[in-house]
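Letter by letter, the sequence shown follows residues 1 to 181 in full-length UniProt numbering.
Heads up: the structure comes next, in structure tokens.
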Amino acid sequence: MRRTRRLIQEALVALILDKGYDAVTVTDIIERADVGRSTFYAHFTDKQDVLLSNVGELAFLRPPADGARSSQGRLLAFSLPMFEHVREQERLVRALLGRRGGGPVHAHGERLLAAVVREELLAAGARGSAALDLLVVCVVGAFMGLLRAWVDGQTTASPAELDAAFRAAVEPGVRAALDRA
Numbered sequence: 001m002r003r004t005r006r007l008i009q010e011a012l013v014a015l016i017l018d019k020g021y022d023a024v025t026v027t028d029i030i031e032r033a034d035v036g037r038s039t040f041y042a043h044f045t046d047k048q049d050v051l052l053s054n055v056g057e058l059a060f061l062r063p064p065a066d067g068a069r070s071s072q073g074r075l076l077a078f079s080l081p082m083f084e085h086v087r088e089q090e091r092l093v094r095a096l097l098g099r100r101g102g103g104p105v106h107a108h109g110e111r112l113l114a115a116v117v118r119e120e121l122l123a124a125g126a127r128g129s130a131a132l133d134l135l136v137v138c139v140v141g142a143f144m145g146l147l148r149a150w151v152d153g154q155t156t157a158s159p160a161e162l163d164a165a166f167r168a169a170v171e172p173g174v175r176a177a178l179d180r181a
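Structure below.
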């Protein structure tokens, strides 16, 4: 059962890289995975369901175990590990978050990342407020912008270089906001 789900997920990733999410049909996925239509529907409701199931493979978008990041003692500690994981999962990330990927995955990924960012900012002393909500939007936007630039081939920066650019652009503003909290 797990093997069949994996075949279907991998078929979608390959098809997205070949022709883009919007052009992919359930029939395409079924043919690429070499499974029957009833088998497909026993595992997934539609192609978006397959797409979002692949997001679970992106460990960098999952919240850490309690205290895992805050114990690092570094503001925005999620950044470098996330960029490193992106490099390790390059093919999947390019399919899901690249310009050929689906819009639902972008929005879902941003919501998951926002939860991670909010957790880190609260651990760093921020208070829940409208100002915190705006700060989270800014941090997520900057991170996802760099990630999309890398995924779409606009930069060949290493994870460490992406992290340094992210920190240089975002950390001063985050520190200033935390000082006001």
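We put the beta carbon where it would ideally sit given N, CA and C, even for glycine.
Because the structure is a prediction, the values reported are computed rather than measured.
Looking at residue i: is its Cβ nearer than 8 Å to the Cβ of residue j?
i	j	result
Glu119	Leu76	no
Ala42	Ala11	no
Leu15	Asp28	yes
Val117	Val136	yes
Leu147	Leu96	no
Gln94	Val151	Note on residue identity: the sequence assigns Arg, not Gln, to residue 94. Contact flag set, yes.
Leu113	Val13	no
Val35	Leu7	yes
Going straight from the alpha carbon of residue i to that of residue j, what length do you get?
i	j	result
His85	Glu31	30 Å
Gly157	Ser38	Here residue 157 turns out to be Ala, not Gly, going by the sequence shown. Computed Cα separation, rounded: 44 Å.
Thr155	Ala149	6 Å
Ala177	Met144	20 Å
Val50	Arg180	43 Å
Arg142	Phe166	Position check: residue 142 holds Ala in this sequence, whereas Arg was assumed. Distance between the alpha carbons of Ala142 and Phe166: 7 Å.
Arg111	Arg99	18 Å
Tyr21	Glu90	17 Å
Val139	Pro172	11 Å
Gly109	Arg127	24 Å
Phe40	Thr25	12 Å
Arg5	Val170	39 Å
Lys19	Asp46	18 Å
Ala164	Ala107	25 Å
Ala123	Leu162	23 Å
Met1	Gly153	35 Å
Ser53	Ala130	31 Å
Arg3	Ala115	31 Å
Val174	Ala160	20 Å
Met82	Arg74	14 Å
Gly103	Gly125	33 Å
Ala23	Gln9	16 Å
Put residue i into one of helix, strand or coil per three-state DSSP.
i	result
Ala157	coil
Val24	coil
residue 182	Nothing can be reported for residue 182, as the shown portion of the chain is limited to 1 through 181.
Met1	coil
Phe143	helix
Ser129	coil
Ala77	coil
Thr45	coil
Gly36	coil
Arg91	helix
Ala124	coil
Arg167	helix
Arg99	coil
Hey, is residue i close to the ligand SAM, as in C-beta under 7 Å from one of its heavy atoms?
i	result
Glu84	Judged by which ligands are present, the structure shown has none, so any question about the ligand SAM falls away.
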